[in-house]
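All remarks here apply to the structure that follows.
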Amino acid sequence: MIKQLWLKEIRAELYTWKSTLWLLIASLLFSFTSYLLLTNKELSLLDQTELLWLLGKIIIGVAFLIIAIDASSTITTEFEQETAESLFLSPISLKDFIVGKFLASLTLWAMIFIIAIPYIIVASSGSNLALPFLVYTAILGTLGIAGLITIIFGISLLYRSAKNTLTTALVILLAFSIPALFSSTLKTNTVADFFSRINPIDNIFSSLDNVLVDYQTSLLQNVKYLLPLLIFCIVGWVFLVSAAKRFKKEGVIKND
Amino acid sequence: MDDIISIKGISKSYGLTRAVDDLTLSVKRGEIFGFLGRNGAGKTTTIRILTSIIQSDSGSISIAGLKNHQTKEISKLLGVVPESRGFYDWMNGLEYLTFFASLYEVPKEKIEEKVIRLLEQVDLLKNKYKKIGAYSRGMKQRLGLARALINDPQILILDEPTLGLDPQGQRDIQNLLQQLNKNGVTIFYSSHLLDEVSKLCSRIAIINEGKLVAQGTIQELMENTKSQTLTDVFLSLTNSNHD
């Protein structure tokens, strides 16, 4: 049943041009960034490793933004278009429903990543960084996005409104991404340092820096960045499970 | 005849509003059971509790011997046309029913045959490739009924199934329901179209402000209330004539 829901979701994204539009936007942004990085006078003076790091940050940033917007409507649409009741009248469980939708959102991330592959390969030409860049973008992106989706789905089950979910998701995304863009000199005090250590976006950027600039490519050398991301995913799942419990208690239709 | 649906003392409140209040009723296997009440009387809440869409605050339900926590097993026995009429407008009729057939785990090789048969039954075969978004209200109602029949249910629960349909559409649905009932399907029919109910149903229950006010055959209720028609019965029991 998870498979049927997953396929339905993918078809909905394609039939309604939602995914196609996002993928087009992603490819335009990647093209524009790559072109700028390789041809702009000032930017082309950057060391190749710095340039790759910048490209990695843009791929992850764009993917986070697209997934946040898309996932905010994945569950809530079923309530707003009143399709949830007929769906839950069939023998599907809430778990099937959530996992099917989760896989569909992860598929969108996979598609964004596939689009990014040629840009990564072209930008890495002449260095031996293409493979680690691809592998770490896939691992870090998947962990970060999986955590983000669980949080957004949890919020969706509580709010059941796309507008409220999207607003909250964007606030969370901003709260994570703005400090990640601060220079390290601004992260000297304990609170800033702590937030930087637990912030998933900060950890993704730091790990990419570690891999591409310092060439520390083994998993062991990146475990201090991967672990907080894993914890972020677990916290997201715990939040989603508790939101699902509350949802079950309230019922598929909240008020009559 | 044994009871296929048994509701015992269910209650449901939304804040301070008591939508269903200690409701007890039973539906016999093979009958068309009419469930009547004014707008806001608690009919839809009762149906949603019956179909496990919401949980009751108290009381118990048994459907074909299954308790209400056995939601997956119960959903396989039920076909439901709910009050909310949301559809995936981007799908066509054929895709829609195929999707729901797969959710009910209808064997792959039987899905196409079954979907075509149902589309024919609800007179939508010619429009099977048309997007649901372009369907009329009546066509959507019929598609909803076809969806409810996708798992060959033992019990069909209908919440105002002919609402908004033209007379011909209403008659088509009534004929289909009578045919299904002849084939052994028990029908729980919620409506406030009293003519339709008196034509279709063998027994009825009337609720008012969440409470059961009467249950029995139409004849019994007319005798008990000394009324000539079902409308008179309904008005006398729900005090609608005082509004």
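For the record, the sequence lines run as chains A and B.
Residue 232 in numbering that gives the first Met the number 0 sits at position 233 of the first sequence, and the numbers go up by one each step.
Residue 168 in numbering that gives the first Met the number 0 sits at position 169 of the second sequence, and the numbers go up by one each step.
From the three backbone atoms N, C-alpha and C, an ideal C-beta is built for every residue, glycine too.
Subject >> Span of the alpha helix (DSSP H) around Y134 of chain B >> reply: Neither: Y134 of chain B is in no alpha helix (DSSP H) and is coded neither H nor E.
Original post:
So, do the stretch 26-39 of chain B and the stretch 242-251 of chain A have three or more beta carbon pairs nearer to each other than 8 Å?
Top reply: no
**OP:** Leaving aside the five residues before and after T224 of chain B along the sequence, list all residues of the same chain whose C-beta is less than 6 Å from its C-beta, in chain order.
**Re:** V232 and S235
Subject >> E208 of chain B versus B:G78, B:L162 and B:D20, residue with shortest Cα-Cα distance >> reply: B:D20
Original post:
Taking 9 Å as the CB-CB cut-off, is T73 of chain A touching chain B?
Top reply: no
Subject >> Distance CB(Q220 of chain A)-CB(S126 of chain A) smaller than 9 Å >> reply: no
**OP:** Could you round the C-beta distance between T143 of chain A and L228 of chain A to whole angstroms and report it? I think they count as a contact, below 8 Å.
**Re:** Sequence check: residue 143 of chain A is Gly here, not Thr. With 8 Å as the limit, G143 of chain A and L228 of chain A qualify as a contact, their Cβ atoms being about 6 Å apart.
Original post:
Relative to the C-alpha of A174 of chain A, which residue among A:D69, A:I120 and A:A191 is closest?
Top reply: A:A191
Original post:
Are there three or more Cβ pairs, one per stretch, closer than 8 Å when the stretch 161-171 of chain B is compared with the stretch 134-141 of chain B?
Top reply: yes
**OP:** Please report the residue range of the beta strand (DSSP E) in which R116 of chain B lies.
**Re:** Not the beta strand (DSSP E): R116 of chain B falls in the alpha helix (DSSP H), residues K107 to Q120.
Original post:
Where does I53 of chain B sit, in a helix, a strand or coil, going by DSSP?
Top reply: coil
Original post:
In chain B, what lies closer than 7 Å to Y14 of chain A by C-beta?
Top reply: W89
**OP:** Would you mind listing the beta strand (DSSP E) stretches within the stretch 2-37 of chain B that are 3+ residues and don't spill past its ends, in chain order?
**Re:** 2-13, 16-27 and 31-36
Subject >> Inter-stretch contact at 8 Å, needing at least 3 Cβ pairs: the stretch 60-73 of chain A / the stretch 18-36 of chain A >> reply: yes
Subject >> 4-residue-minimum alpha helix (DSSP H) runs that sit fully inside the stretch 139-210 of chain B, ordered along the chain >> reply: 166-181 and 193-199
Subject >> Residue ranges of each alpha helix (DSSP H) within the stretch 58-125 of chain A, 4 or longer >> reply: 75-79, 83-88 and 93-123
Subject >> Own chain, CB closer than 8 Å to N240 of chain B, minus 5 neighbours either side, in chain order >> reply: Any reading at N240 of chain B must be qualified, since the residue scores a pLDDT of 46, below 50, and its modelled position is unreliable; no value is offered.
Original post:
Would you report the Cα separation of N39 of chain A and I203 of chain A, rounded to the nearest angstrom?
Top reply: 26 Å
**OP:** Determine, using beta carbons only, whether I91 of chain A comes closer than 9 Å to chain D.
**Re:** No chain D is present in this structure, whose protein chains are A and B.
**OP:** Measure the C-alpha to C-alpha separation of S176 of chain A and A147 of chain B and round it to an integer number of angstroms.
**Re:** 47 Å
**OP:** May I ask which residues mark the beginning and end of the alpha helix (DSSP H) holding L77 of chain B?
**Re:** First-last for L77 of chain B: L77 to V80, but that is the beta strand (DSSP E), not the alpha helix (DSSP H).
Subject >> Contacts of K94 of chain A in chain B (Cβ-Cβ under 9 Å) >> reply: Simply none; closest approach about 11 Å.
Original post:
Taking the continuous alpha helix (DSSP H) assigned at Q215 of chain A, which residues delimit it?
Top reply: It is not in any alpha helix (DSSP H) - Q215 of chain A carries neither H nor E in the DSSP assignment.
Original post:
Got a sec? Which residues, its chain only, sit under 6 Å from K210 of chain B by beta carbon, not counting five neighbours each side?
Top reply: D20
Original post:
Short check: CB of Y103 of chain B to CB of S89 of chain A, under 9 Å?
Top reply: yes
**OP:** Enumerate in chain order the residues of its own chain whose CB-to-CB distance from L220 of chain B is below 6 Å, with the five nearest sequence positions on each side excluded.
**Re:** A213 and V232
Original post:
Where does V212 of chain B fall in DSSP's three states?
Top reply: strand
**OP:** Starting from the C-beta of E111 of chain B, find all residues in its chain whose C-beta is less than 6 Å away, skip the five residues before and the five after it, and write them out in chain order.
**Re:** none
Original post:
Using the beta-carbon of each residue, which ones in chain B are nearer than 7 Å to K7 of chain A?
Top reply: F98
Subject >> Proximity test, Cβ basis, 9 Å: V98 of chain A and chain B >> reply: no
**OP:** Identify whether K40 of chain A lies in helix, strand or coil by the three-state DSSP scheme.
**Re:** coil
**OP:** Output the distance between the C-alpha atoms of A133 of chain B and R10 of chain A, rounded to the nearest integer angstrom.
**Re:** 19 Å
Original post:
Cα separation between L155 of chain B and W236 of chain A?
Top reply: 37 Å
**OP:** Work out the CA separation of M0 of chain A and Y14 of chain A for me, nearest whole Å.
**Re:** 21 Å
Original post:
For A63 of chain B versus L49 of chain B, is the C-beta spacing smaller than 9 Å?
Top reply: no
**OP:** Classify G39 of chain B as helix, strand or coil using the three-state DSSP reduction.
**Re:** coil
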